[in-house]
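K.L.:
Add 431 to a position in the sequence shown, counting from 1, and you land on the number used in our numbering.
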Amino acid sequence: MAETAKSRYEMMKRKRDPYLRRARDCAALTIPALMPPEGHNEFAVLPEPYQGLGARATVSLASRLMVAMYPPGKPSFKLDVPPEARIMSGQMAVTSEVEQGLVMSEKLIQSEIERKQWRRSTNLALQYLLVTGNSLEFIQPDNSIRIFRLDQYCVSRDMNGVLKEIITEEYLSPESLPEEAQGMVKADDFSQNRIPLYTHIKWSKKAKFEVYQEINGKMVPGSKGEYETLPYNALRYTSVIGEDYGRGKVEEHLPDLRCIDALSKALIDGAAMASRNVTMIRPNAAG
432 MAETAKSRYE
442 MMKRKRDPYL
452 RRARDCAALT
462 IPALMPPEGH
472 NEFAVLPEPY
482 QGLGARATVS
492 LASRLMVAMY
502 PPGKPSFKLD
512 VPPEARIMSG
522 QMAVTSEVEQ
532 GLVMSEKLIQ
542 SEIERKQWRR
552 STNLALQYLL
562 VTGNSLEFIQ
572 PDNSIRIFRL
582 DQYCVSRDMN
592 GVLKEIITEE
602 YLSPESLPEE
612 AQGMVKADDF
622 SQNRIPLYTH
632 IKWSKKAKFE
642 VYQEINGKMV
652 PGSKGEYETL
662 PYNALRYTSV
672 IGEDYGRGKV
682 EEHLPDLRCI
692 DALSKALIDG
702 AAMASRNVTM
712 IRPNAAG
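1. Given a cut-off of 9 Å, decide if T599 and T630 are closer than it, judged by their beta-carbon atoms.
2. CB-CB under 6 Å to Y481, same chain, minus the five flanking residues each way: which ones, in chain order?
3. Since E611 and C457 should fall inside the 8 Å C-beta cutoff, what is the C-beta to C-beta distance between them, to a whole number of angstroms?
4. To the nearest angstrom, report how far apart Q548 and A705 are at their CA atoms.
5. Need the endpoints of the beta strand (DSSP E) that N554 sits in, please.
6. Given a threshold of 16 other Cβ atoms within 10 Å of its Cβ, counted over all protein chains shown, does M432 qualify as buried or as exposed?
7. Indicate the three-state DSSP secondary structure (helix, strand or coil) for M432 in the structure shown.
8. Is A665 helix, strand or coil by DSSP?
9. Which residue wins for smallest C-alpha separation from T489, given the options G701, I712, I597, L688?
10. If N565 sits next to Y676, beta carbons under 8 Å apart, how far is it from one beta carbon to the other, in whole angstroms?
11. In the DSSP output, which residue or residues are listed as bridge partners for V593?
12. So what's L567 in DSSP terms, helix, strand or just coil?
13. Any chance you could list the alpha helix (DSSP H) runs of at least 4 consecutive residues sitting entirely within the segment 622-689, in chain order?
14. Comparing C-alpha positions only, which one of N647, P662, F579 sits nearest to K639?
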């Protein structure tokens, strides 16, 4: 029996679980919405830390990194002719026409970045990297960026850290599926109003990434294809040799945050007990 994307995803989840547990611990002390507890839905209440230092530090550091990556009023990159191309052409100096074309290209790309609101998606990815250590970016066909958090995807890398396999898990409404995929939906999916869609990307012997999507153990018609340039970018804050996932900045300071949170709780409880005022009257006191 051929292995399905769902069964492969369940197998890869076992290797991801330790990183996911640490990510939830880090998020609980900083910004719980970045990595909610297991089983959380839109009706559940997120845990609230007893201090706001972790959240303020995360937002501040993400904002500083954001300004470094996308400086206001300036292009975030510079195009140039590589030395190899200059040597092959026999001209080491760049002509004014080529230089002007590169400047125009920079402006066009920068305007597209602003139009597709890459700053908002990048800021969210930076917060995920600082807190959970991992984030998956997907450049959609319209050049907008979609972010996957750690509990929505699994990855596999070789010993050099090169990406070899990605599986994403997302839940969609059965009514939102295209007509060719409506026949793959079961009656239970309509009652639950959600259906899992798995996207499996794997490096092949053709030196390309093969991709297909799966619903209820069946391949979605027309979803199979190949990527010469992978639109997915599996980011890690810090990489450890031999590990598929990264570790965040918050994990490095997790003992300090736990200590501050515990002391803040003790301070709040102590203040509440100290402010308690109980008025009592002696039974034999004169009226």
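Don't be surprised by glycine CBs; every beta carbon is placed ideally from N, CA and C.
P.N.:
Per the coordinate set shown:
1. In the sequence shown, counting from the first residue as 1, residue 630 sits at position 199. In the sequence shown, counting from the first residue as 1, residue 599 sits at position 168. Yes, the Cβ-Cβ distance between T630 and T599 is below 9 Å.
2. Start at 1 with the first residue of the sequence shown, and residue 481 comes out as number 50. D692, S695, K696, listed in sequence order.
3. Working through the sequence shown from its first residue, we reach residue 611 at position 180. Working through the sequence shown from its first residue, we reach residue 457 at position 26. A Cβ-Cβ separation of about 41 Å leaves E611 out of contact with C457 under the 8 Å criterion.
4. If you number the sequence shown from 1, residue 548 lands on position 117. If you number the sequence shown from 1, residue 705 lands on position 274. Each residue's Cα considered, the two are about 50 Å apart.
5. Locating residue 554 in the sequence shown gives position 123, counting from the first residue. Careful: N554 lies outside any beta strand (DSSP E), inside the alpha helix (DSSP H) at 549-562.
6. Sequence index remark: in the sequence shown, residue 432 carries index 1 (1-based). With a pLDDT of 46 at M432, under the threshold of 50, the modelled position of that residue is not reliable, and no figure is offered here.
7. As a first step, residue 432 must be located in the sequence shown, where it is residue number 1. Low per-residue confidence applies at M432: pLDDT is 46, beneath 50, and the placement is therefore not dependable, though the value from the model is reported in the following sentence. Of the three classes helix, strand and coil, the one that applies to M432 here is coil, per DSSP.
8. Within the sequence shown, residue 665 is the residue found at index 234, counting from 1. DSSP places A665 in strand when its eight states are reduced to three.
9. Here residue 489 refers to the residue found at position 58 when the sequence shown is read from its first residue. Nearest to T489 by C-alpha distance, out of G701, I712, I597, L688, is L688.
10. Indexing the sequence shown from 1 puts residue 565 at position 134. Indexing the sequence shown from 1 puts residue 676 at position 245. Your pair N565 and Y676 checks out as a contact, with CB atoms roughly 5 Å apart and the cut at 8 Å.
11. Counting from 1 along the sequence shown, the entry for residue 593 is found at position 162. Answer by DSSP bridge pairing: none, since V593 is not bridged.
12. Locating residue 567 in the sequence shown gives position 136, where the first residue counts as 1. L567: strand per DSSP, three-state reduction.
13. Runs of the alpha helix (DSSP H) inside the segment 622-689: 680-683.
14. Translated into positions along the sequence shown, residue 639 becomes position 208. The option with the nearest alpha carbon to K639 is P662.
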